[in-house]
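Notes for the one structure printed next.
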Amino acid sequence: MLVIVAPGQGAQTPGFLSPWLELPGFRDRLSAWSEIAKLDLVAYGTTAEAEEIRDTAVAQPLLVAAALAAFEELGVTADLVAGHSVGEFAAAALAGVITADQAVSLVAERGRAMAEAAAVTATGMTAVLGGVDVLDALAKHGLTPANNNGAGQIVAGGTLEQLEALQADPPQRARLRALAVAGAFHTHHMAPAVERLRAAAADVAPADPAIRLLSNADGAVVMSGRDALDRMVNQVSNPVRWDLCMETMAREAGETPVTMIELLPGGTLTGLAKRGLPGSVTVALKTPADLTPALDAAKEAIK
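Each residue of the sequence shown is one higher than the one before, counting from 27 in the working numbering.
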């Protein structure tokens, strides 16, 4: 079974788009989406510093546009698609629920709204890797398990003070890593952004998914375009259950192995799949050189 996934915020790195701009038409796509997002996505993906692309209002449209452009270069049809957090909007476009232009437009508004919500209180996110009684430890410090990524990784979201308390008193046998994000996404701190995004989505007429599309809310296969869009709006202030998405991938694949291609800038979700989906074949799109092994893996998966 061929699964195509789109990464979420934090996957961006300075200059990650540079080698892709050498491909015919790639710059033109990014320039067109820059007009929609009202941001120079080409500049942000090539010459901007890490702190500039850490800005939520920049990172989100940059990531979705990059994923969509890489998908067009790939040119294959998946059996199932999913996206992590903001990557859900790219996945929805792949499934035909919304257009690529609508995905970029909605995500630009999502990013602005979430950046404004994050400015109200100093918040952040920390990955908790491994550990014992992790959920109890988060509850003790008033933190939200904002992402349950499976493979022993839970991301905590909350105020900087709460995260500092977690660093000082971590779960037993856990490793903690602060994430390069500018707020506590998928927590109650993002509630003001939900209404902003809902208003922006009001004029969008979604289509039902043409291929299987998974929801971050519960890992379910979403059958209705309206349901998919509503779920993506509500997901802004609710935890991401990527662990359940991977469980659904395994269940949908049955006896066949999962072949996962992670769109640009890939690496995070394929890394989780290597641990959470034993026996899976994974390819992460990082540079144009990765297109050939991705196409080879796709052809093998759809034989």
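C-beta atoms are modelled at their ideal positions from N, C-alpha and C, and glycine is treated no differently. Here the structure is a predicted model, which is why all the values come from computation and not from measurement.
Excluding sequence positions up to five before and after ALA93, its CB lies within less than 8 Å of the CB of ALA32, PRO33, GLY109, GLY113, ALA116, LEU289, LEU290, all in the same chain and listed in chain order. Non-local C-beta neighbours of ALA206 in its own chain, meaning closer than 6 Å and more than five positions away in sequence, comprise GLY36, ARG80, ordered along the chain.
Within the same chain, and ignoring the five residues on either side of VAL68 in sequence, the residues whose Cβ sits closer than 8 Å to its Cβ are LEU43, LEU47, ARG53, LEU56, SER57, SER60. Between GLN188 and GLY168, the gap from beta carbon to beta carbon is short of 8 Å.
In this chain, GLN261 is not harboured by any beta strand (DSSP E), its DSSP state being neither H nor E.
With 16 or more other Cβ atoms from the protein chains shown falling within 10 Å of its own Cβ, THR274 counts as buried.
Distances from the alpha-carbon of LEU223 to those of ALA121, ASN175, ALA141 put ALA141 closest.
Counting only runs of 3+ residues, the beta strand (DSSP E) found wholly inside the stretch 268-306 occupies 285-288, in chain order. Secondary structure note for GLN198: it is in no alpha helix (DSSP H), with a DSSP letter that is neither H nor E.
In the three-state scheme derived from DSSP, where H, G and I count as helix and E and B as strand, ALA153 is classed as strand. In the DSSP assignment, ILE124 falls outside any beta strand (DSSP E), carrying neither H nor E. Straight through space, the alpha carbons of ALA74 and THR82 are spaced by roughly 14 Å. Secondary-structure assignment with DSSP links GLY184 through a beta bridge to GLY150.
For LEU106, the uninterrupted beta strand (DSSP E) segment begins and ends at 106-109. With respect to ALA177, ARG301 sits close: the two C-beta atoms are nearer than 8 Å. ALA139 and ALA217 have their C-alpha atoms some 10 Å from each other. Here ILE30 carries a strand assignment [DSSP, helix/strand/coil]. The DSSP-derived three-state label of THR82 is helix. The straight-line gap separating the alpha-carbon atoms of LEU164 and MET151 is approximately 12 Å. For LEU270, the closest C-alpha among the options LEU155, GLN38, ASN175 is that of ASN175.
Listed in chain order, the non-local C-beta contacts of ALA299 below 6 Å within the same chain comprise MET286, SER306, THR308, local neighbours out to five positions each way being set aside. In chain order, ARG136, ALA139, MET140, GLU142, ALA143, VAL262, SER263 place their CB closer than 8 Å to the CB of ALA219, counting only its own chain and leaving out the 5 sequence neighbours on each side. Going by C-alpha positions, GLY101 is about 35 Å away from ARG203.
When beta bridges are read from the DSSP output, ALA310 appears opposite GLU288.
The three-state reading of DSSP puts THR39 in coil, since its state is none of H, G, I, E or B. Under a 10 Å Cβ-count criterion, GLY184 is classified as buried, with 16 or more other Cβ atoms of the shown protein chains found around its own Cβ. The beta carbon of ALA118 sits closer than 7 Å to those of ILE124, ALA129, LEU239, ALA254, MET258, all from its chain and outside the five residues before and after it, given in chain order. With fewer than 16 other CB atoms across the displayed protein chains lying within 10 angstroms of its CB, VAL158 is exposed. Per DSSP, THR318 lies in no beta strand (DSSP E); the unbroken alpha helix (DSSP H) holding it starts and ends at 317-327.
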